[in-house]
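Notes follow once the structure below has been shown.
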Amino acid sequence: MSVLAVAIAITLLLILVGLSNGTLNEVSGRIESVDAEIIVRDRHFDLGSMSGGTLWERQADQIMEIEIAGAPAVERVIPVFLGRVKLAGLTQNVFGVCPEDFAYFAGPRRMVDGGLFEDMDAPLEAVEHFTEQARLAEQDRDYRVTPLPLVIDERLANAGGFAVGDHTSYGDTPAVIVGIIETGVAGRVFAPINMLRGVNGIAAQTAHMFFVKATPGLDTGNLQLLAEEIETVTHRAASLVANYGQILSANFRNLTIFVSLVSVIALVICFLFILVTMYTMVLERGREIAILQSLGAARWTILRQTIQESWLLCSLGTVLGILMTYGARWLIQTMQPLMTVEIRPFWIGVAVLIGIGGGAISAMYPGYLALRHDPVEALSFD
Amino acid sequence: MTEALIKTCGLCKTFRNGRLETPVLHDIDLEIGRGEFVAIMGPSGCGKSTLMHIVGLMLSASSGEIFIDGKNAADFSDGQRARVRRDKIGFVFQRFNLLPTISAYKNIAVAERIRGHKVDGQVDRALAAVGMSDKGRFKPGQLSIGQQQRIAIARAISHEPALVLADEPTGNLDSGNAERILELFSEIHRERKVAIMMITHSEAAASVADRVIHMADGRISNA
Ligand SMILES: Nc1ncnc2c1ncn2[C@@H]1O[C@H](COP(=O)(O)OP(=O)(O)OP(=O)(O)O)[C@@H](O)[C@H]1O
Ligand SMILES: [Mg+2]
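Chains A and B are the protein sequences, given in the same order.
In case it helps, my numbering puts the first sequence at residues 55 to 436.
In case it helps, my numbering puts the second sequence at residues 8 to 230.
Written out as structure tokens, the structure is:
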């Protein structure tokens, strides 16, 4: 019973930490896979919800003009317009990108099935197109609307059971899956940027993020310089893609604190549980302890036994908790294949230390009680 | 002349419970020789059990001295007291105090384990000595009270202690069983030359002892 309590607390700790670390690392790993050096976003852009704050076409032009040491420093500015779509039961960010820029996202990853989409020439054309389509569909129920083409990654395809040619929808607009790409790309879902703007009713060439591809040969120091220069001319936040992981976890510090807090509370509860269990055990076994003392067991032996017993409880609980963590991870990833639970040896080590250390500490008081117990009283009365 | 097994000089005991003080024993001078069978008698509450617990080193005296085998137990550490209990003393209680969840055999074996003895057949010999050879595998609850007390006695003597302390060992028994337990005590005393200190309320029980010590109000009334 107390073994289970410890196990559940340990599992909670490992799963919460694993889930937040896993998600952060997975997201930052994906962003860092983009073949560009700097990421630009509005200061009000929220990394968590990936929303708010817009970038303008004019700012892309300003960035293109930046020179470092008298030479052009930027090879290309890659705009990303973000949308949202519900697929496989979870809301996904949609990366609206120009088909010509797709290679920067794909890198060495292959298209597993299908192919890339084509885009319309301008967002205004897309807005008009989708408005017109919606009007026609309203008049005639059998009218076939041209859907928004999507490329999704393999993990999402597997999780949602999607194949090329499958129909789904983006809000009220029909969408179709045209390609499936190997997992590891920055977005799980890609759409042509102008069409995505159009579907969202945006007629201007706005974006939410710019990835900046610097001219080859710029070293880290110069990239840092370039990022600062970008901030000066655009008044937007620019950071090195390589540092994205750190930025993300700094952004999620509150989440991390919350997770740690929940885990600590779970552990404290579980140690209290052990303490109470051991406490009642010592009380219940008062007579037994006294008998052992009358037989010549030293008080030290009895203290040691009490501590050993709770230590054993905690060790078993910790081991069970670690096993349960793997079980829970399997369960989570089977039911929600898009969630990443990362179980790191470091955190298993922490769990073991906490489980065993906590066991020893929570055994102190009952152990002390066992020492204090008056054996004569226990032997004489009922 | 050999020194006494137990010797107390001016032993006093006062229980303190917060500000409440209960003086229980006053100036007890007592000697028990090796292999001597002593019965302690006296009215309820006169301090017999308290004296016995002090002699058995389960309780410490408030003042006065207690010598065991010539050594002053007042100087003993907690561990040393436990060791003396373990090696030299066996306890028999009015309420048997067997561990209820394990068999009679194991009750004795547990004692052996605490004592660190690893003598083959010791448990069996102790069972045989109390006439319970065939009852070892029963749990205490499955035995009659007379039989339970026999197991408790077997546990107290299995390591061949120098002194057996028995607090009203027949107090919970009917007269037939009580008689047989007393016979067992005299037999053990005769054959093993073990000293016995037995508290009893019955004249008949006291009559099997070599000597009877009467107590009243925390003092020995017949020196
Ligand atoms: N732990 C204790 N704290 C306070 N008083 C105690 C304690 N133990 C015993 N006493 C008191 O000491 C006195 C003697 O107790 P003790 O048990 O030694 O008597 P006894 O002679 O064995 O009596 P009985 O024949 O009823 O067993 C009693 O008045 C009892 O209330
Ligand atoms: Mg008594």
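Here a beta-carbon is modelled for each residue, glycine too, at the ideal position from N, C-alpha and C.
Everything numeric in this text was worked out from a predicted model, so none of it was measured.
Return yes when at least one heavy atom of ligand 2 lies under 8 Å from the C-beta of E175 of chain B, else no.
Yes - ligand 2 has a heavy atom lying nearer than 8 Å to the Cβ of E175 of chain B.
Cβ of I206 of chain B versus every heavy atom of ligand 2: is any distance shorter than 8 Å?
yes
Proximal residues of chain C, C-beta to C-beta of F98 of chain B below 7 Å:
The structure shown contains no chain C; the protein chains it does contain are A and B.
So the beta strand (DSSP E) R130 of chain A belongs to, where does it begin and stop?
Element bounds for R130 of chain A: 128–141.
Whole alpha helix (DSSP H) runs in the stretch 46–83 of chain B with 4 or more residues, listed along the chain?
55–62
Measure the Cβ-Cβ separation of A173 of chain B and I220 of chain B and say whether it is below 9 Å.
no
Just by C-beta distance, which residues in the stretch 118–134 of chain B are closer than 7 Å to chain A?
A118, I121, R122
Residue environment, M8 of chain B, which counts as buried when at least 16 other CB atoms sit within 10 Å
Because the pLDDT at M8 of chain B is just 45, under 50, the model does not fix this residue reliably, and the point stays unresolved.
Taking the alpha-carbon of R93 of chain B as reference, which of B:M222, B:L170, B:T177 has the nearest alpha-carbon?
B:L170
What residue does the beta strand (DSSP E) around T494 of chain A start on, and which one ends it?
Residue 494 of chain A is absent from the structure shown; chain A starts at 55 and stops at 436.
Quick one: Cα of R189 of chain A to Cα of G255 of chain A, how far?
14 Å
Q300 of chain A, buried or exposed, once every other Cβ within 10 Å from all chains shown has been counted against 16
The residue is exposed, with fewer than 16 neighbouring Cβ atoms inside 10 Å.
DSSP three-state label for A11 of chain B, please.
Secondary structure at A11 of chain B: coil, using DSSP grouped into helix, strand and coil.
Return no unless some Cβ of chain A is closer than 9 Å to the Cβ of V91 of chain B.
yes
Suppose only complete runs of 3+ residues qualify. What are the beta strand (DSSP E) ranges in the stretch 289–346 of chain A, listed by chain order?
291–294
Does the stretch 55–63 of chain B come close enough to the stretch 132–146 of chain B to have 3 or more Cβ pairs within less than 8 Å?
The answer is no - the stretch 132–146 of chain B does not touch the stretch 55–63 of chain B, with fewer than three Cβ pairs under 8 Å.
Reduced DSSP category for T29 of chain B - H, G, I as helix; E, B as strand; rest coil:
strand
Since V430 of chain A meets chain B, which of its residues come closer than 9 Å, beta carbon to beta carbon?
S56, T57, H60, M65, L66
Give a yes or no on contact between the stretch 177–192 of chain B and the stretch 15–26 of chain B, applying the rule of three or more CB pairs nearer than 8 Å.
no
By the DSSP assignment, the beta strand (DSSP E) with T227 of chain A in it spans what residues?
227–235
Is it the case that the Cβ atoms of A344 of chain A and N24 of chain B are separated by a distance below 9 Å?
no
Just to confirm, is the Cβ distance from L189 of chain B to A211 of chain B under 9 Å?
Closer than 9 Å, so yes.
Assuming M65 of chain B and V336 of chain A make a contact with CB atoms under 8 Å, what is their CB distance in whole Å?
Wrong, their Cβ atoms sit about 18 Å apart, outside the cutoff.
To the nearest angstrom, how far is it from the Cα of G421 of chain A to the Cα of V94 of chain A?
60 Å
Taking C-beta pairs closer than 8 Å, name the residues in chain B that R341 of chain A reaches, listed in chain order.
N104
Cutoff 6 Å; reference V85 of chain A; Cβ partners in own chain excluding five residues on either side
Checking the sequence, you will find Ile at residue 85 of chain A rather than Val. Correct list, in chain order: A240, Y298.
Which same chain residues, not among the five before or five after K146 of chain B, have their C-beta less than 8 Å away from its C-beta?
Apart from the 5 residues on each side of it in sequence, K146 of chain B sits with its Cβ closer than 8 Å to the Cβ of P107, T108, I109, S110, A111 in its chain, given in chain order.
For Y224 of chain A, which residues does DSSP report across the bridge?
Answer is A:T227.
Along chain A, in chain order, which residues have C-beta atoms closer than 8 Å to that of D34 of chain B?
What D34 of chain B touches in chain A: nothing, since even the nearest Cβ is about 21 Å away.
Sequence-ordered residues whose beta carbon comes within less than 5 Å of a heavy atom of ligand 1:
B:F22, B:T29, B:V31, B:S51, B:G52, B:C53, B:G54, B:K55, B:S56, B:T57
Strictly by DSSP, which residues pair up with H262 of chain A?
Paired residues: none, contrary to the question.
Would you kindly work out how many angstroms separate the C-alpha atoms of D96 of chain A and G107 of chain A, rounded to a whole number?
5 Å
Neighbour flag for G7 of chain B against chain A, beta carbons, 9 Å:
Any question about residue 7 of chain B goes unanswered here, given that chain B covers just 8 to 230.
Which residues, in chain order, does the stretch 72–85 of chain B contribute to contact with chain A at a C-beta distance below 7 Å?
D85
According to DSSP, is D173 of chain A helix, strand or coil?
coil
Buried or exposed for N248 of chain A, please, with buried defined as at least 16 other CB atoms from any protein chain shown within 10 angstroms of its CB.
The residue is buried, with at least 16 neighbouring Cβ atoms inside 10 Å.
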